[in-house]
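To start, the structure under review is shown below, and the notes come after it.
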Amino acid sequence: MAIRSFFLFILFFSSSLSPVFSLYEDQVGLMDWHQQYIGKVKQAVFSSQRAGRKRVVVSTEENVIASLDLRHGEIFWRHLLGADDVIDGIDIGLGKYVITLSSGGSILRSWNLPDGQMVWESSLQGPKHSKSFLLVPTNLKFDKDNVLVVFSNGRLHAISCIDGEVLWKKDFEAESFEVQQVILPPGSDLIHVVGFAAFSQFEMYQINAKNGELLKHESASFSSGFLGQVSLVSTETVVALDSTGSILLTISFQDGKISSQQTPISNLVEDSLGPAVIIPSSVSGIFAIKTDAVTIFIRVIGKGNLEVVEKTTHEIAVSDALSISEDQQAFALIQHASSEIHLTVKLAHDWDGNLLKESVKMDRQRGLVHKVFINNYIRTDRSYGFRVLIVMEDHSLLLLQQGEIVWSREDGLASIIDVTTSELPVERDGVSVAKVEHNLFEWLKGHMLKLKGTLMLASPEDMAAIQSMRLKSSEKSKMTRDHNGFRKLLIVLTRAGKLFALHTGDGRIVWSYLLRSLHKSEACQSPIGLNLYQWQVPHHHAMDENPSVLVVSRCGPSSDTSGVLSFVDTYTGKELSSLSLDHAVVQVIPLPYTDSTEQRLHLLIDADKHAHLYPKTSGALSIFKREFSNIYWYSVEDQNGIIKGHALKCKCTGEVADEFCFDTRDLWSVVFPSESEKTIATVTRKLNEVVHTQAKVVADEDVMYKYISRNLLFVATVAPKGSGEIGSVTPEESWLVAYLIDTVTGRILHRVTHHGSQGPVHAVFSENWVVYHYFNLRAHRYEMSVIEIYDQSRADNKDVWKLVLGKHNLTSPISLFSRPEVITKSQSYFFTHSLKAIAVTSTAKGITSKQLLLGTIGDQVLALDKRFLDPRRTVNPTQAEKEEGIIPLTDSLPIIPQSYVTHALRVEGLRGIITVPAKLESTTLVFAHGVDLFFTQLAPSRTYDSLTEDFSYALLLITIVALVAAIFVTWRLSERKELQEKWR
Amino acid sequence: MKWVEVIVSFILTLSFLSFPSCGFQSDELLVDDEEFGLEGAPQHRSPEPIPTRSPPVTSPTRKRHSDLDSDSKIQFSLDHAFGDSDFSPAGTFSARLKTWSHGGQNLLESDDFYRIRLPSNVLSPPGRDFIISSVKARCLPRESLDEHFVIHMEGVNVLAVNYGSPGSCPYPRNLKLPAKWSFSSHTVLKNSEQAPRAPVFTEEILGGENAEGEVVQPAERSFWAKYWMYLIPLGLIVMNAVTQAMNMPEEQATGQVPAQGQPSAGAVQRGPSSAVRRR
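Line order of the protein sequences matches chains D and Y. If you read the first sequence in full-length UniProt numbering, its first letter stands for residue 1, the second for the next number, and so on. If you read the second sequence in full-length UniProt numbering, its first letter stands for residue 1, the second for the next number, and so on.
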């Protein structure tokens, strides 16, 4: 009996270990998390429906239109338009359609407000490029049909709101006419189109809104010209600035007559200011101008009389006007004051009185208010209440009501630039962060529930309880390092210049920090964050130090503006220090050396090809001097099609003696002929990749040595003609050349041409192989190719006796200056999807087999075994090859639905996939980011080194107890039987 | 792989001529260099003054070449630099500088880079830019100075040149002076390879199914591989039985001595009970 139960146990044990490649339904959310974002809000429209759920429709800089719950900030629905389909305007028509104008005013779409289904789409063409305007008049009707007025591409359209049909159109073909405003005076059938022509001409067109007929055309010339935008102060008056930015022009066109008045700004404000710009707003009677330091609000009284109502040096944001009754308009103003923001709501004609004045505490890490959108509601006491939606500097979105933040969304995470990881602190005795959450009873109850679940006795409620217990497992969201290395911090840098630390367990934000060095300042006009590097990863002799990351940024869009470095502690999220460099940062090279405090040495290359060493300490310098002659790097000049290799030469010979600056020299160059090749992709191996075995045992007990060099570069070039979109060239005039280049000596190790193929190329390089994805024009399909590179110079180390006697060259140092003896193997396969990103899994020791992670066009991540991309696949593999695991050759790569890493979810706008090894060899952590974020754990060869998460320890315990009991019972029984026998 | 190994680089220029397209490579130029007397005909290369800091540059005449192929204007100069010195002409590619001793010794002692450059377009030198390549100087000396060129071509354009020693250059690079301060060159021209086409199985749709059917059939496994899970318990049971069987005669033998008067049935009875105890 004992043996039988032992076997039962073995059986149970092995079944719990049985291969599970994909997830079961109840495992969703156990190890993975998914977060949905929308990006920085550009425009927001509040749904004015009386009944139903309150919602706000927003368009964002990530080209998302979304409908948000006004009470909680959740997403009802959202749509991500393509990268080149930039949203120009949104509005709500008839109270139930969301109208969007996008792609430079050429696509107009209507979406159903409750569920986000598209109702219609129409394409608007026009004679020339121009600004675009979308207007939804409330009272303009055309055969009982509500009409939309759209100005785009130099043409005015009236469009039916019901089906998107163009009712009439009117061209504005005058060469130099630049439209500035399209005005629909309420209660009339006229449309005013105003704009500038030929630098100094003001033009006004009056158009019949019923049929598009031109009623009147007036123009007036202003010798001083115009600067920037115009501000509309009433339906018949606009304010503009002259080209010097010092004189205000008030232009009114009442009854089709243009009259104007000029007011120098110095008349209004005593002290002289620099050139001003008009802040666009639509509050009637009031406009604002902004100079470097001061924002001035000016009221227009009567016909062109200007009066300054307020002058402020605070950062200020103004909303558009909101009509609250027939003749009253309200608008919101937000001013900053240290750690608070002041919200005031005023009536347009009454500057001094406030409808509402509130102060809200605001986290400094959110920065300044960039945009304000105002909405009103009726309070319980029947008076008007106001709520505002504000967009902050870090791209977050907040709703303020009654002096409180009702909800906030961290939409900065929709635009991640770079990602790195950091370990969590080690758990120490006494300072344990984890608390004992469960008492014994809870623990027992939990295990009883689990046992019931295992024995299939659980009711649906119990199942739900089990599931929620598993999801909430406190183990995975602890703030300390775990044995398996699953818990880490993901440090992400967003486009807004904010650093976030996300916990890998549940994706929550541990800390966030708006980089001070990325603030706009005198010295740094438009700072841009570039990259994140691990600056200090303490592990051996600097265990007490906190790890830190290096943020590299620069002061402008061009690469020769000066750089800024910031160092941020990853445990606390505080900036340790920041450095404003006096040189540009073109390239950052993390060196594989660390100094005594585990700070990694970095080499920064500037625009004059000088190399600068950081950190600037003498210890770092002495380490660097030792390795001086072994440092090589390369640079790719995309425009010229030149790849160059560099090495260090000597100390800088500049006027200032700088110990940490070095001159460089060119060692090699590869010049692609400009008429036939254009580089489109360059890929290298990951710096921290670990390779476990150098040799690969092939079928007939032969050994092939992998050519493993950290200095290999994969370059893909295409014919210049074929660098456009797919299908723009014939197969004969398009080709793709793939190169493997050694970056120390500039040797081309392999070069192969794919005729009739075209980019875009996505490639990934790992160990001794590279996989790349491109389009085959002849086969009309996407293809993926693999190149594996093997070292022949060590190929004769096969003899066992040689190895035993030590007569092999496996331990001798390898010099890249030797002539390489390599062979390559390659093979191409068809693949169905087009790709957005490609990555490869990486594990701690590199033993586990690899999977390719493909970001598909459907915004999902697909895992594909590297075995499918083996160049040695043949149609009929031999027995030995089959045993080795070679799959019979097929022409296309299989897409197994279960191997979608993202299972049912989509990572909208997928841009990058990052893999991080866990400490557990079988497991790798995968982070995919785009507009959404997705994180999961992946075990490419299954978790062969640990029990699965849902392994029932309770059942194991019970089995052991039962076994022990059985042993005792049988022992007693046998004792008794023996005794009986003896007495017989 | 198609490549032409040319011992004399002089011939290279000619071979460029016969390269109307990238696909075709001439093999007609495998002529030995001695015929052209490269070493024997030192002449000043051009009237232009030789840079003072470079070693005296002598270069064999291009006359023979132009005699041979009078319509050819194609020739490119090979420049070289010692460490950080400026590039100085080392002669046309067809005839390398033969003496290296002046800058060479210093270079070998400091183990600096020996750099070469050539134009990226052989028809209209220097093309867009020079192709540079370099090697640590101590990699070159053997008997003489051995060098190895791999020139990657695309039509008339030179993409890259891989320059280095013909063999290995193990890492602790020891200072070794060559017996002869002259170069012996080996040159390989390389053009792009064609990628293998993705296999297309369209015509084999019917056959493919068959093939798949074969795959679906589980491969014949050995008897042991199939039934090991049954055989091991069976083996255990057999072993158990055997040990029991072996114990039985023993117990019979030992049991008979004290229980002489008893019939043998007692021993038979005791057999199973001892088995139980053993378990």
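All residues carry an ideal CB built from backbone N, CA and C; glycine is no exception. Treat the numbers as computed from the prediction; the structure is a model and nothing was measured.
- The stretch 813-829 of chain D makes contact with the stretch 862-881 of chain D; the number of CB pairs closer than 8 Å reaches 3 or more.
- Secondary structure note for Lys-450/D: its alpha helix (DSSP H) is the uninterrupted segment 440-454.
- Chain Y has no Cβ within less than 7 Å of the Cβ of Glu-270/D.
- Fully enclosed alpha helix (DSSP H) runs of no fewer than 4 residues are not present anywhere in the stretch 893-939 of chain D.
- For Asp-791/D, no chain Y residue has a C-beta closer than 8 Å to its own C-beta; the minimum C-beta separation is roughly 12 Å.
- In this model, Tyr-829/D and Glu-193/Y are separated by some 18 Å (Cα to Cα).
- For the pair Ala-332/D and Ser-323/D, the CB atoms are not nearer than the 7 Å cut-off.
- Residues of chain D whose Cβ lies closer than 9 Å to the Cβ of Phe-113/Y are, in chain order, Ala-647, Arg-665 and Leu-667.
- The DSSP-derived three-state label of Arg-554/D is strand.
- Bounds of the alpha helix (DSSP H) holding Leu-963/D are 953-983.
- Of the other Cβ atoms in all chains shown, fewer than 16 fall within 10 Å of the Cβ of Val-242/Y; this residue is therefore exposed.
- Around Pro-137/D, the same chain offers Leu-184 as residues with beta carbons nearer than 6 Å, after the five sequence neighbours per side are excluded.
- Taking one beta carbon from each stretch, the stretch 446-462 of chain D and the stretch 79-99 of chain D have fewer than 3 pairs nearer than 8 Å; the two do not touch.
- Shown here is that no member of the stretch 531-550 of chain D has a Cβ falling below 9 Å from a Cβ of chain Y.
- With three or more CB-CB distances shorter than 8 Å, the stretch 403-418 of chain D counts as touching the stretch 60-79 of chain D.
- Per DSSP, the unbroken beta strand (DSSP E) holding Asn-162/Y starts and ends at 157-164.
- The stretch 877-884 of chain D makes no contact with the stretch 769-781 of chain D, as fewer than three CB pairs between them are under 8 Å.
- In the three-state DSSP reduction, Trp-224/Y falls in the helix class (H, G or I).
- Between Thr-312/D and Val-586/D, the alpha-carbon positions lie close to 40 Å from each other.
- By the CB criterion at 7 Å, Ile-726/D and Phe-775/D fall inside the cutoff.
- A distance below 8 Å between beta-carbons, with the five flanking residues on each side excluded, links Arg-173/Y to the following residues of its chain, in chain order: Asp-111, Lys-136, Arg-138 and Cys-139.
- From the listed residues Val-238/Y, Tyr-163/Y and Cys-169/Y, the smallest Cα separation to Leu-749/D is found for Tyr-163/Y.
- Residues are counted here when their Cβ sits less than 7 Å from a Cβ of chain Y; for the stretch 130-150 of chain D the count is zero.
- Here Asn-267/D carries a helix assignment [DSSP, helix/strand/coil].
- Comparing alpha-carbon positions, the option among Asp-352/D, Val-388/D and Gly-353/D lying closest to Ser-359/D turns out to be Val-388/D.
- With fewer than 16 other Cβ atoms from the protein chains shown falling within 10 Å of its own Cβ, Pro-592/D counts as exposed.
- Here DSSP, grouped into helix, strand and coil, assigns Ser-383/D to coil.
- Chain-order list of chain Y residues neighbouring Leu-889/D: Pro-199, by C-beta distance under 8 Å.
- Counting every other CB atom within 10 Å of its CB across the protein chains shown gives Pro-813/D a total below 16, marking it as exposed.
- Look at Arg-778/D here: in three-state DSSP terms it is coil, with no helix or strand label.
- As DSSP reads the structure, Thr-679/D sits in a beta bridge with Thr-717/D.
- Residue contact with chain D for Glu-154/Y: present (Cβ-Cβ distance below 7 Å to some residue of chain D).
- Approximately 6 Å separates the beta-carbon atoms of Val-277/D and Lys-290/D; this is inside 8 Å, confirming the contact.
- Annotation: Ala-681/D has no Cβ neighbours in chain Y at a cutoff of 7 Å; minimum Cβ distance is about 16 Å.
- The continuous alpha helix (DSSP H) containing Glu-884/D extends over residues 879-884.
- Residue contact with chain D for Ser-192/Y: present (Cβ-Cβ distance below 7 Å to some residue of chain D).
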